Amino acid sequence: MVSTVVQNLEKRKIKAKFFETKEEAKKEVLKDIQPYASIGIGGSATIKEMELYEALLKENKKVYWHWQVEKEKVSEIRQLASQSEVYLTSSNALTEAGELINIDGVGNRVSAMYYGPKKVIVVCGVNKICSDMISAMDRIKKEACPPNAKRLGLNTPCAATGNCNDCLSEARMCNVTVIINHKPMTVDLSVYIVGESLGY
1 MVSTVVQNLE KRKIKAKFFE TKEEAKKEVL KDIQPYASIG IGGSATIKEM
51 ELYEALLKEN KKVYWHWQVE KEKVSEIRQL ASQSEVYLTS SNALTEAGEL
101 INIDGVGNRV SAMYYGPKKV IVVCGVNKIC SDMISAMDRI KKEACPPNAK
151 RLGLNTPCAA TGNCNDCLSE ARMCNVTVII NHKPMTVDLS VYIVGESLGY
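If you use the UniProt record's numbering, the sequence shown corresponds to residues 1 to 200, in order.
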């Protein structure tokens, strides 16, 4: 199935590679970002689990990640991340047909995936692969947003119940939905699929 996803991504002009382990993918990311000075990171448990932030600091890169700064600097760092030369993140779901499906609360992560940075690298564990868009949305609503809302301590129904209620809560994180059907015109987009379960 993974080979089919890789082939379908490439048909959509999105560069795609498969790695057995997150360590192999991490080495490839660090190699690919070498020519660039500034790296932005979108909210991503996958990137955190790979310990890429720490590795990038050792490479003496300018790294912008709002998860690593005090609350009053979050907005500024989000903006700087979206203006970086390279943007690293994950995807909430990836269809077998090669489409990237994402839901965001603020929109900074999803917007930077298709506009702003010169290069975008999306790292996805095999747990993110879904048969189609419907199952992808179902996965996000059941397996991504509720546990993420709980992790963030948000006052939403899904954080309490573990199920999406399509709420109108002020703390709602399902505010912006983006589908990348094909390589964005001005972005060098790569998807690295890892043969492990990563992130939400």
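Note that beta-carbon positions come from the ideal geometry of N, C-alpha and C, so glycine has one too.
Fair warning: this is a prediction, and the values are worked out from it, not measured in the lab.
Thinking C-alpha only, which one of K119, V69, A97, L52 is nearest S82? For the purposes of this step, residue 82 is taken as residue 82 along the sequence shown, with counting starting at 1. That would be K119, whose Cα lies nearest to the Cα of S82.
Cα-Cα separation between A55 and I121, rounded to whole angstroms: Along the sequence shown, read from residue 1 onward, the residue named residue 55 stands at position 55. Along the sequence shown, read from residue 1 onward, the residue named residue 121 stands at position 121. Rounded to whole angstroms, A55 to I121 spans 16 Å at the Cα level.
Same chain only: Cβ atoms within 6 Å of Q155, ignoring 5 sequence neighbours per side: To locate residue 155, count along the sequence shown from 1; it is residue 155. Here residue 155 turns out to be Asn, not Gln, going by the sequence shown. Contacts found: A171.
Residue burial classification, S190 (beta-carbon count within 10 angstroms, cutoff 16): Counted from its first residue, the sequence shown places residue 190 at position 190. With 16 or more other Cβ atoms within 10 Å, it is buried.
Assuming R12 and K128 make a contact with CB atoms under 8 Å, what is their CB distance in whole Å? Residue 12 sits at position 12 when you count from the first residue of the sequence shown. Residue 128 sits at position 128 when you count from the first residue of the sequence shown. That belief does not hold up - the Cβ atoms of R12 and K128 are roughly 17 Å apart, past 8 Å.
Note down, in chain order, each residue of its chain lying with its Cβ closer than 6 Å to the Cβ of K22, except the 5 sequence neighbours on either side. Here residue 22 is taken as the residue at index 22 of the sequence shown, counted from 1. Same-chain partners within the cutoff: M50, V194, E196.
Candidates I41, D32, L198, A16: which alpha carbon is nearest G116's? By one-based count along the sequence shown, residue 116 stands at place 116. With distances taken between Cα atoms, G116 lies closest to I41.
Identity of the residue in Y53, K142, V86 nearest P35 by Cα: As a position in the sequence shown, residue 35 is number 35, starting the count at 1. Closest by alpha carbon: V86.
Count the other CB atoms, across all protein chains shown, that sit within 10 Å of the CB of N181; report buried if there are 16 or more and exposed otherwise. Position 181 of the sequence shown, counting from 1, holds the residue named residue 181. So N181 ends up on the exposed side.
Check whether the Cβ atoms of S44 and T95 lie closer than 7 Å to each other. As a working note, residue 44 is residue 44 in the sequence shown. As a working note, residue 95 is residue 95 in the sequence shown. Not in contact: S44 and T95 (Cβ atoms no closer than 7 Å).
Buried versus exposed, by CB contacts within 10 Å (16 or more), M173: Residue numbering aside, residue 173 sits at position 173 when the sequence shown is read from its first letter. With 16 or more Cβ atoms within 10 Å of its Cβ, M173 is classed as buried.
Smallest Cα separation from L168: which of G105, E20, S75, V74? As a first step, residue 168 must be located in the sequence shown, where it is residue number 168. Of the candidates G105, E20, S75, V74, the one whose C-alpha sits nearest the C-alpha of L168 is G105.
Looking at C-alpha atoms only, which residue of Q79, E76, V126, M133 is the closest neighbour of N102? In the sequence shown, residue 102 corresponds to position 102, counting from 1. When only C-alpha atoms are compared, the closest one is M133.
Under the assumption that Y64 contacts I77 (Cβ atoms under 8 Å), give the Cβ distance between them as a whole number of angstroms. Here residue 64 refers to the residue found at position 64 when the sequence shown is read from its first residue. Here residue 77 refers to the residue found at position 77 when the sequence shown is read from its first residue. Sure, about 5 Å apart at Cβ, within 8 Å.
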